[in-house]
Amino acid sequence: MLLIRCPYCEEERPELEFRNAGEAHIARSANMAGESDDDFEKFFFIRSNPKGIIYERWRHMHGCARFFNAVRDTVTDKFIMTYKAGEPKPAKLPGASK
Amino acid sequence: MAKAAVKKTAAAAPSAERRAALAGQELSAAGVTLAVLPPAERISLRAPDASIAALSRALGVTLPRKPKTSASKAGRTALWLGPDEWLVIDEAEKDPLADCAKVTVLHSAVGISHRNVAISVTGPAAATTINSGCPQDLSLGAFPVGAASRTILGKVEIVLLRTEAHTFRVECWRSFSDYVFTFLSEAAGDAAA
């Protein structure tokens, strides 16, 4: 079983307590009604789906119930780091090869 | 709180019989005993940092701020569930909801006394029994006496509190209580084997 570090519980907890909540750092437009159809489609439907490092939202559903962000490698399924919601994208990833 | 007072006088009349979920069920296996705990007053409390001190004073128990901890005083236990969320259990038949109602600082207190059912798991095989459906590390080092956490057991969510080295309190939702008790019964048999 994967162990995921919850930044609010400050420890690694079993993956069964967590839910994935899609890609992180997708900014919602302040003027949603003024968005063009193309821009809205990009915001609403289009996700990066990379092979490698991805920034995701996760929720500690059956624990503290908080949303947080995680950096995960989609190839190895390894969690590189997690950080609290609202914090900026980490500039440097610990132990990342690139 | 006038409403609560009215309710209590009405309940005193012997017109209705309240049957608690799982009433009277118990199970003993080698090394572990399951028992349904008596009804308790419970609230779900949400509050920002600025309100914690006032609420702690009103409740008479200091709301813990460290993850996975609880605080207990005079029959009242506050369990840390999240950064701004606590489960307060009162076994001394005092109403924590009434205590919170006197507080003017921002908070949300919801009475959930009858939403939950508590099951005690006692004995040297208690941790093994719970671990058959709960993926958390329940060794005394990682989950010491007083540790509390919302987690899962099998397919349902529970709140787990370690009250003594070999005693756990499992809080589950009333409608899941049958599943939880049956699950723990099966697990108790396996843990004893």
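Going down the list, the sequences are from chains A and B.
Just so we're aligned, residue 434 is where the first sequence starts under the working numbering, counting upward by one.
Just so we're aligned, residue 1413 is where the second sequence starts under the working numbering, counting upward by one.
Cβ coordinates follow ideal geometry from the N, Cα and C atoms, glycine included.
For clarity, every value in this text was computed on a predicted model and none was experimentally measured.
Is there contact here, the stretch 482-500 of chain A with the stretch 439-459 of chain A, by at least three beta-carbon pairs under 8 Å?
With a cut-off of 8 Å, the stretch 439-459 of chain A and the stretch 482-500 of chain A count as touching, because enough Cβ pairs lie within range.
Return the chain-ordered list of same chain residues with a C-beta closer than 7 Å to the C-beta of K1567(B), the five sequence neighbours on each side being excluded.
For K1567(B), where only same-chain residues beyond five positions count, there are no Cβ hits under 7 Å.
Between which two residues does the beta strand (DSSP E) harbouring V1568(B) extend?
Judged by DSSP secondary structure, V1568(B) falls within the beta strand (DSSP E) whose first and last residues are 1568-1576.
Smallest Cα separation from S1456(B): which of G1436(B), H1578(B), I1524(B)?
S1456(B) has its Cα closest to that of I1524(B), out of G1436(B), H1578(B), I1524(B).
Might you give, ordered along the chain, the residues of its own chain that have their beta carbon closer than 6 Å to the beta carbon of T1481(B), omitting 5 neighbours on each side?
The beta carbon of T1481(B) lies closer than 6 Å to those of W1492 in the same chain, with the five residues before and after it left out.
One question on the structure: do V1557(B) and R1581(B) come within less than 7 Å of each other, judged by their Cβ atoms?
Result no, Cβ atoms of V1557(B) and R1581(B) do not sit closer than 7 Å.
Any chance the stretch 1472-1489 of chain B sits against the stretch 1524-1543 of chain B, with 3 or more Cβ pairs inside 8 Å?
Not touching, per the Cβ criterion.
Helix, strand or coil for G1601(B), going by three-state DSSP, please let me know.
In the structure shown, G1601(B) sits in a helix (DSSP, three-state: H, G or I).
Neighbourhood of G1487(B) by C-beta distance below 6 Å, restricted to the same chain and skipping five residues each side:
Counting only Cβ-Cβ distances below 6 Å, and skipping sequence neighbours, we find E1503, A1504.
Do S1544(B) and L1439(B) come within 7 Å of each other at the CB atom, strictly closer than that value?
Taking 7 Å as the cut-off, the Cβ atoms of L1439(B) and S1544(B) do not count as close.
With a floor of 4 residues, list each alpha helix (DSSP H) that falls wholly inside the stretch 1510-1598 of chain B, ordered by position along the chain.
Whole alpha helix (DSSP H) segments, 4+ residues: 1538-1543.
Beta-carbon spacing of P1479(B), P447(A) below 7 Å:
No, the Cβ-Cβ distance between P1479(B) and P447(A) is not below 7 Å.
Assigned secondary structure, D1502(B) (DSSP; H/G/I helix, E/B strand, else coil)
D1502(B) falls in the strand class under three-state DSSP.
Would A1441(B) and A1604(B) be called neighbours here (beta carbons separated by less than 7 Å)?
In this structure, A1604(B) lies closer than 7 Å to A1441(B) by Cβ.
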